[in-house]
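Asks:
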Amino acid sequence: MLKSRFCASAVASTIALIVCCASAGARAELGGAMPNEASSGPSAPRTILNGALRVRTLTDAGNTTINEYATSTGQIVAYTWQGPTMPDLHALLGQYAGSYQTGAAAAGSASGNLHASRIARPDVIVESGGPMRGYVGRAWLPAALPAGVTANDLQ
């Protein structure tokens, strides 16, 4: 009896892992392309800043609202988030996650502030903070922002 429960759990875990891995490839990430979706609906991109950026709003599994910013050509140049849980930064940052981790390790706990951080690297900038259940932040590629767009435009 115990053996059959273990086997059922192992099969369920394997299926969950396969589904997660299969869906990970479909996710957009910083520097990637905003997925082409239907032109209407809650996550349909809208144009802002006189067409300089497109933004679409998503909600992750932790009920955190994530805004994804892309250029007119579809390149994702920034994310902002606000909600009760931290988003999966590794997934959002994609190829820039290593640079962020290097910057975070170098910064260590030098500021002593456990509720806010700013990691500024030449290729990516990540700001994050807030109390538990009130996380806010943003990440962007400074060199990829369109002309006339600044970090202050990312809300």
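Mapped onto mature numbering (1 follows the signal peptide of the UniProt record, and there is no 0), the consecutive letters of the sequence shown carry residue numbers -28 to -1, 1 to 127. Backbone N, C-alpha and C define an ideal beta-carbon position, used for all residues, glycine too. It should be emphasised that the depicted structure is a prediction, and the values quoted were computed from it without experimental measurement.
#1: Residue 25 lies in the beta strand (DSSP E); which residues open and close that run?
#2: Rounded C-beta distance between residue 110 and residue 52? I'm assuming under 8 angstroms.
#3: For a quick check, are the C-beta atoms of residue 97 and residue 79 less than 8 angstroms apart?
#4: Quick one: what does DSSP say residue 47 is sitting in, helix, strand or coil?
#5: The beta strand (DSSP E) with residue 88 in it runs from where to where?
#6: Compare the C-alpha of residue 34 against each of 40, 22, 55 and 46 and name the closest.
Replies: In terms of the structure at hand:
#1: Element bounds for residue 25: 25 to 31.
#2: 4 angstroms
#3: no
#4: Strand at residue 47.
#5: 88 to 92
#6: 55
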